[in-house]
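Q: A single structure is presented below for examination.
Numbering (UniProt numbering), first residue to last: 1 to 134.
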């Protein structure tokens with residue numbers, strides 16, 4: 001039965017059949033490719049926020065001897081992007097900057113960023129490092 005079906009086709013019919021299947025597959029691949037290009041183009045117009053890797057050092061803020069030292073505040077902290085020696089003063093205006101940039105083509109509106117800090121863990125770390133220094 002199948003052999004009768006194959007014999008009915010001539011060489012030109014086989015060539016036309018293979019050409020039609022190839023055209024169908026090419027159209028399907030082209031459709032999928034165009035859909036992916038559309039997705040990439042739409043995505044490229046969205047904002048893409050990049051936060052640079054950064055590190056900083058935290059030190060206990062130096063208190064003047066003249067200032068009233070009723071209770072030592074463990075959270076009077078001074079931070080720096082550079083490691084400071086023990087002799088460097090840890091006082092004055094203190095600013096920590098973090099490089100945030102929009103590398104996407106779209107405008108980034110209403111950007112918010114939350115940074116959660118466990119102050120109890122910081123206090124434990126500072127107190128244990130203070131004991132280790134003694």
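Cβ coordinates follow ideal geometry from the N, Cα and C atoms, glycine included.
1. Just the C-alpha distance for residue 42 and residue 108, rounded to the nearest angstrom, thanks.
2. Cutting at 6 Å between CB atoms, please list the residues of its own chain near residue 100, excluding the five before and the five after it.
3. Using DSSP with H/G/I as helix, E/B as strand and the rest coil, what is residue 19?
4. Could you name the residues of the same chain whose beta carbon sits closer than 7 Å to that of residue 56, not counting the 5 residues immediately before and after it, in chain order?
5. May I ask which residues mark the beginning and end of the beta strand (DSSP E) holding residue 58?
6. Express the C-alpha separation of residue 44 and residue 65 in angstroms, rounding to a whole number.
7. Assign residue 124 to one of two classes, buried (16 or more other C-beta atoms within 10 Å of its C-beta) or exposed (fewer than that).
8. Give me the Cα-Cα distance between residue 171 and residue 105, rounded to the nearest whole angstrom.
9. Pop quiz: residue 54 and residue 98 are said to be a contact at Cβ under 8 Å. What is the actual Cβ separation, rounded to whole angstroms?
A: To lay it out plainly:
1. Start at 1 with the first residue of the chain shown, and residue 42 comes out as number 42. Start at 1 with the first residue of the chain shown, and residue 108 comes out as number 108. For residue 42 and residue 108, the distance between alpha carbons rounds to 15 Å.
2. Here residue 100 refers to the residue found at position 100 of the chain shown. Taken in chain order, the residues that qualify are 51.
3. Translated into positions along the chain shown, residue 19 becomes position 19. Here residue 19 sits in helix by DSSP.
4. Within the chain shown, numbered from 1, the residue matching residue 56 stands at position 56. Result list for residue 56: 79, 80, 81 and 96, in chain order.
5. As a working mapping, residue 58 is identified with position 58 in the chain shown. That run of the beta strand (DSSP E) goes 57-60.
6. Residue 65 sits at position 65 when you count from the first residue of the chain shown. Residue 44 sits at position 44 when you count from the first residue of the chain shown. Here residue 65 scores only 49 on pLDDT, less than 50, and its place in the model is too uncertain to base an answer on.
7. Counting from one through the chain shown, the residue named residue 124 turns up at place 124. So residue 124 counts as exposed.
8. What the structure shows of the chain is the stretch from 1 to 134, and residue 171 is not part of that stretch, so it cannot be assessed.
9. As a first step, residue 54 is located in the chain shown; it is residue number 54 there, counting from the start. As a first step, residue 98 is located in the chain shown; it is residue number 98 there, counting from the start. Right, the Cβ-Cβ distance comes to about 6 Å (below 8 Å), so this counts as a contact.
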